[in-house]
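Quick note on numbering that gives the first Met the number 0: the sequence shown kicks off at 0 and runs consecutively. All remarks here apply to the structure that follows.
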Amino acid sequence: MKRLIVVFVSISIIGFSSYQFKNTLAMILFKQAITAQVTRDLVLDYADGFHVISCGSGTPLPDLSMSGGCTAVIAAGQLFLFDAGEGSAETLGVLGLRPSRIDAIFLTHFHSDHIAGLGSMALQRNIGNNIKTSLPLYGALGVEEVATGFNLAFAQDHAYRIEHHPSLNAPLEALQLEARAFDLPPNGKFPEIYAAKGVSIRAIAVPHGPVRPALAYSVEYQGMKVVISGDTQISRNLVLAATGADLLVHEGLQAEMVGVIEQIALADGQTALATIMHDIPSYHATPVEAAQVAAEAGVKSLAFTHMIPPLPVGLLEGPFLSGVNEAYGGTVFVLRDGHMISLSVDKAPIRTKLL
């Protein structure tokens with residue numbers, strides 16, 4: 000009996016020690032992970048280059064692996080965002096793209112999946128470095144309403160946070176968006192709307208069905224050019240603006256795959272979803288049409304984002320890209336959240352997976 004008690008006590012001690020060791024190990028790993036996350040600064044790491052990063056390749060259709068529309072560009076140590084869909088602020092944080100580094104956000108249009116993350120983006124920007132100024136939000140006329148709406152919706156939250164952290168001495172505007180509106184440019188005209196530290200950003204009108212205004216943007220730096228399509232149908236104006244670009248980041252809707260969703264929704268009695276799936280191909284470009292734009296514009300590389308439908312597994316990239324290689328002979332990427340494309344004047348683009 001004594002021996003049994005000794006064995007039991009020994010096992011208990013070992014078990015307790017093992018439990019304590021697990022907790023100690025967990026806290027060590029936690030500290031290492033938090034240190035890596037909090038101190039990571041991708042803008043500082045890549046300040047000298049020209050890089051395009053997907054901070055949201057998703058759409059309104061559910062896909063936990065991709066946030067709402069958001070493309071980040073690092074150039075000359077500056078960080079620019081093009082759209083800020085739902086979840087994009089959190090994705091930035093995971094990637095090590097500190098929202099406090101954001102110099103400006105540029106909206107392509109005002110669909111919810113491209114703007115839903117703006118409130119969180121403005122808040123996260125202030126948290127990172129106790130910034131005292133508003134977050135510049137560029138867009139065509141109408142962007143003022145977007146900024147005002149988010150500022151109003153978050154007004155109570157802003158007041159709570161200022162009151163809760165008085166030592167930060169944060170002014171209200173530090174948590175807000177500041178609209179910087181410009182006229183929708185006519186076709187064939189691509190006005191410069193931002194210029195600093197050798198970076199030039201231009202606005203490009205694109206057709207997106209009933210959505211007006213709708214824009215693409217070009218970013219030029221050190222003789223290189225990136226064009227970000229936003230949501231668009233096939234566009235002659237985009238061909239002109241993208242001529243000779245090093246990289247075209249373009250949306251893509253695969254009509255056959257969307258048709259499958261329509262038929263299944265219809266059979267299930269989900270008429271609203273079926274109607275939407277029926278209608279959306281009329282104001283989005285297909286992957287093949289995007290490839291045709293890239294080919295006609297003489298673009299060096301083509302990267303797809305905002306894939307419709309979502310592609311939760313790599314196997315689906317095959318049918319999504321069907322016909323693309325026949326239409327375009329350059330390098331083709333499918334961007335997922337955390338994919339970064341680094342550009343160089345004398346080298347092929349390099350894709351790095353940050354997640």
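Think of the CB as a built atom: it goes at the ideal place given N, C-alpha and C, for glycine as much as any other residue. Just so it is clear, the structure is predicted and the values come from calculations on it, not from any experiment.
### Query
CB Ala-290 to CB Val-248, shorter than 7 Å?
In the sequence shown, the residue the question calls residue 290 occupies position 291. In the sequence shown, the residue the question calls residue 248 occupies position 249. At the C-beta level, Ala-290 and Val-248 stay beyond 7 Å of one another.
### Query
Hey, how far is the Cα of Ile-233 from the Cα of Val-205?
For the purposes of this step, residue 233 is taken as residue 234 along the sequence shown, with counting starting at 1. For the purposes of this step, residue 205 is taken as residue 206 along the sequence shown, with counting starting at 1. Distance from the CA of Ile-233 to the CA of Val-205, rounded to the nearest whole angstrom, comes to 9 Å.
### Cβ-based neighbour list, Phe-105, same chain, cut-off 6 Å, excluding 5 preceding and 5 following
Start at 1 with the first residue of the sequence shown, and residue 105 comes out as number 106. Only Phe-81, Tyr-137, Tyr-216 meet the Cβ criterion.
### Query
Nearest CA to the CA of Asp-245: which residue from Ala-293, Gly-148, Gly-76?
Counting from 1 along the sequence shown, the entry for residue 245 is found at position 246. Nearest Cα to Asp-245 within the set Ala-293, Gly-148, Gly-76: Ala-293.
#### Entry: Local Cβ density within 10 Å of Asn-128, reported as buried at 16 or more and exposed below that
Position 129 of the sequence shown, counted from the start, is the residue given in the question as residue 128. The residue in question, Asn-128, is exposed, as its Cβ has fewer than 16 Cβ neighbours within 10 Å.
### Query
Based on the DSSP output, what are the partners of Phe-79 in its beta bridges?
Here residue 79 refers to the residue found at position 80 when the sequence shown is read from its first residue. Val-72, Ala-103, per the DSSP bridge assignment.
### Query
Any contact of the region 73-90 with the region 44-61, i.e. 3+ C-beta pairs under 8 Å?
A contact is defined here as three or more CB-CB pairs under 8 Å, and the region 73-90 meets this definition with respect to the region 44-61.
### Query
Would you call Gly-118 buried or exposed, if buried means 16 or more other Cβ atoms sit within 10 Å of its Cβ?
Counted from its first residue, the sequence shown places residue 118 at position 119. So Gly-118 ends up on the buried side.
### Message
Taking 7 Å as the threshold (C-beta atoms), are Leu-214 and Gly-229 in contact?
### Response
Taking the first residue of the sequence shown as position 1, residue 229 is located at position 230. Taking the first residue of the sequence shown as position 1, residue 214 is located at position 215. Taking the C-beta atoms as reference points, Leu-214 is found nearer than 7 Å to Gly-229.
### Query
So, are the CB atoms of Pro-212 and Leu-183 less than 7 Å apart?
Sequence index remark: in the sequence shown, residue 212 carries index 213 (1-based). Sequence index remark: in the sequence shown, residue 183 carries index 184 (1-based). Against a cut-off of 7 Å, the Cβ pair of Leu-183 and Pro-212 comes out as a contact.
### Task
Ignore the nearest five residues each way along the sequence and tell me which others in Ala-103's own chain have a CB closer than 7 Å to its CB.
By one-based count along the sequence shown, residue 103 stands at place 104. If we look at Ala-103 and ignore the five residues flanking it on each side, its Cβ neighbours are Phe-79, Pro-135, Tyr-137, Tyr-193.
### Query
For the alpha helix (DSSP H) that contains Arg-235, what are its first and last residues?
Walking along the sequence shown from the start, residue 235 turns up at place 236. Bounds of the alpha helix (DSSP H) holding Arg-235 are 235-241.
### Task
Could you tell me the boundaries of the beta strand (DSSP E) in which Phe-181 lies?
As a first step, residue 181 must be located in the sequence shown, where it is residue number 182. Element bounds for Phe-181: 176-181.
### Message
With distance defined between alpha-carbon atoms, name the residue in Val-344, Met-339, Pro-348, Leu-354 nearest to Ile-73.
### Response
Taking the sequence shown and counting its residues from 1, the one referred to as residue 73 is at position 74. Looking from the CA of Ile-73, the closest CA among Val-344, Met-339, Pro-348, Leu-354 belongs to Met-339.
### Query
Can you list, in chain order, the residues of its chain whose CB lies under 6 Å from that of Glu-288, leaving out five sequence neighbours each side?
Mapped onto the sequence shown, residue 288 falls at position 289. Excluding residues within five positions, the ones whose Cβ falls inside 6 Å are Ile-233.
#### Entry: Pair within 7 Å by beta-carbon distance, Phe-189 and Ile-203
Taking the sequence shown and counting its residues from 1, the one referred to as residue 189 is at position 190. Taking the sequence shown and counting its residues from 1, the one referred to as residue 203 is at position 204. Taking 7 Å as the cut-off, the beta carbon of Phe-189 is found closer than this to the beta carbon of Ile-203.
### Query
Leaving out five residues before and five after Pro-309 in sequence, what residues of the same chain have Cβ atoms less than 7 Å from its Cβ?
On the sequence shown, position 310 is the one that residue 309 refers to. Here the set comprises Gly-57, Thr-58, Leu-60, Asp-62, Met-65.
### Task
On the DSSP bridge assignment, give the partners of Ser-199 in chain order.
Here residue 199 refers to the residue found at position 200 when the sequence shown is read from its first residue. The partner list for Ser-199 (beta bridge, DSSP) reads Ala-194, Glu-219.
### Task
Drop a sphere of 10 angstroms on the beta-carbon of Phe-20, count the other beta-carbons inside from all chains shown, and report buried for 16 or more, exposed for fewer.
For the purposes of this step, residue 20 is identified with residue 21 of the sequence shown, where counting begins at 1. The residue in question, Phe-20, is exposed, as its Cβ has fewer than 16 Cβ neighbours within 10 Å.
### Task
Return the residue from the list His-110, Gly-76, Arg-350 that minimises the CA-CA distance to Gly-208.
For the purposes of this step, residue 208 is identified with residue 209 of the sequence shown, where counting begins at 1. Comparing Cα-Cα distances from Gly-208 to each of His-110, Gly-76, Arg-350, the minimum goes to His-110.
### Message
Quick check: the Cα distance between Leu-122 and Ser-133, rounded to an integer number of angstroms?
### Response
Here residue 122 corresponds to residue number 123 of the sequence shown, with the count starting at 1. Here residue 133 corresponds to residue number 134 of the sequence shown, with the count starting at 1. Roughly 10 Å between the two C-alpha positions.
### Reduced DSSP category for Arg-160 - H, G, I as helix; E, B as strand; rest coil
Working through the sequence shown from its first residue, we reach residue 160 at position 161. DSSP places Arg-160 in helix when its eight states are reduced to three.
### Backbone CA spacing between Glu-172 and Gly-222 [nearest angstrom]
Locating residue 172 in the sequence shown gives position 173, where the first residue counts as 1. Locating residue 222 in the sequence shown gives position 223, where the first residue counts as 1. Taking C-alpha positions only, Glu-172 is separated from Gly-222 by approximately 36 Å.
#### Entry: Val-142 versus Ile-227 - alpha carbon distance
The count along the sequence shown starts at 1 and reaches residue 142 at position 143. The count along the sequence shown starts at 1 and reaches residue 227 at position 228. So the alpha carbons of these two residues sit roughly 18 Å apart.
### Thr-351 in three-state terms, based on DSSP
Translated into the one-based positions of the sequence shown, residue 351 becomes position 352. In the structure shown, Thr-351 sits in a strand (DSSP, three-state: E or B).
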